[in-house]
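A short worksheet on the structure shown next.
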Amino acid sequence: MAFEPLTYLLDCSVSDFQKLEDPEFTLQLLEDIRVVCDFQVISRNYKKFHPQGLTAMLLLAESHISIHTWPEKELFCIDIFTCKGKINLSAIIQLLQNKLPNLVLLQAEEISRRVYNQNESIHQQEAAVITRIPEK
């Protein structure tokens, strides 16, 4: 049996950032995403920056969900990393549109990390090719 770690990236813009500057609202937004994905929460945390901006995260049994905000750019990014398999990205986008009516979705992307065979150790499988970017 194989498993495929997946990363989902959502880059969004909103003109009214007041809600996203509220840690309780932002953590609840991540919690709502968690429910859509049927993930199990291990812990919740956030960091509010001065004069503005916020990072919040749910640590999950399946990995994590995070949000990073830049009010001065009217930008926020949500990252969802999961080892559970594909999620319903359309349902998450709909949830965001319902919670933040002035949302503009800039990008929504699914990234496949690599498919791994669960019956073998990673060392027994073909090694991934790593490309290094030369330093300037």
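Going by numbering that gives the first Met the number 0, the final residue of the sequence shown carries number 135, and the count climbs one at a time with no gaps. Glycine included, C-beta positions come from ideal geometry on N, C-alpha and C.
Three-state secondary structure assigned by DSSP to E109:
Position 110 of the sequence shown, counting from 1, holds the residue named residue 109. When secondary structure is reduced to three states using DSSP, E109 falls in the strand class.
Under the three-state DSSP convention, the category T130 falls into:
If you number the sequence shown from 1, residue 130 lands on position 131. Its pLDDT being 47, under 50, T130 is placed unreliably in this model, and the value from its coordinates should be taken loosely. Taken through DSSP and simplified to helix, strand or coil, T130 comes out as coil.
C-alpha gap between R33 and I64, whole angstroms:
The residue given as residue 33 occupies position 34 in the sequence shown. The residue given as residue 64 occupies position 65 in the sequence shown. Each residue's Cα considered, the two are about 8 Å apart.
Residues in its own chain within less than 6 Å of T54 by CB, not counting five upstream and five downstream?
Counting from 1 along the sequence shown, the entry for residue 54 is found at position 55. Within the same chain, T54 has close Cβ partners K46 and H67.
Burial state of Y7, where buried means 16 or more other Cβ atoms lie within 10 Å:
Residue 7 sits at position 8 when you count from the first residue of the sequence shown. Buried, because 16 or more other Cβ atoms sit within 10 Å of the Cβ of Y7.
Which one of L28, D37 and G84 has the shortest CA to CA distance from F99?
Sequence index remark: in the sequence shown, residue 99 carries index 100 (1-based). At residue 99 the sequence reads Leu, which differs from the Phe that was named. When only C-alpha atoms are compared, the closest one is L28.
Could you tell me the alpha carbon to alpha carbon distance between P4 and R112, rounded to whole angstroms?
The count along the sequence shown starts at 1 and reaches residue 4 at position 5. The count along the sequence shown starts at 1 and reaches residue 112 at position 113. When rounded, the distance between both Cα atoms is 5 Å.
Between the CA atoms of F24 and S14 - distance to the nearest angstrom
In the sequence shown, the residue the question calls residue 14 occupies position 15. In the sequence shown, the residue the question calls residue 24 occupies position 25. If you draw a straight line from the Cα of S14 to the Cα of F24, it is about 16 Å long.
Distance between L59 and F38 (C-alpha atoms, nearest Å)
Taking the first residue of the sequence shown as 1, we reach residue 38 at position 39. Taking the first residue of the sequence shown as 1, we reach residue 59 at position 60. In this structure, the CA atom of F38 is about 7 Å from the CA atom of L59.
8 Å Cβ shell around E73 - same chain, five flanking residues per side excluded
What you label residue 73 is simply residue 74 of the sequence shown in a count that begins at 1. Around E73: S12, V13, S14 and F16.
Determine whether the beta carbon atoms of L26 and A107 lie at a separation below 7 Å.
As a position in the sequence shown, residue 26 is number 27, starting the count at 1. As a position in the sequence shown, residue 107 is number 108, starting the count at 1. No. Outside cutoff.
Which residues share a DSSP beta bridge with F75?
Mapped onto the sequence shown, residue 75 falls at position 76. Answer is C11 and T68.
Three-way DSSP call (helix, strand, coil) for N44 in this model:
The count along the sequence shown starts at 1 and reaches residue 44 at position 45. If DSSP states are grouped into helix, strand and coil, N44 belongs with the strands.
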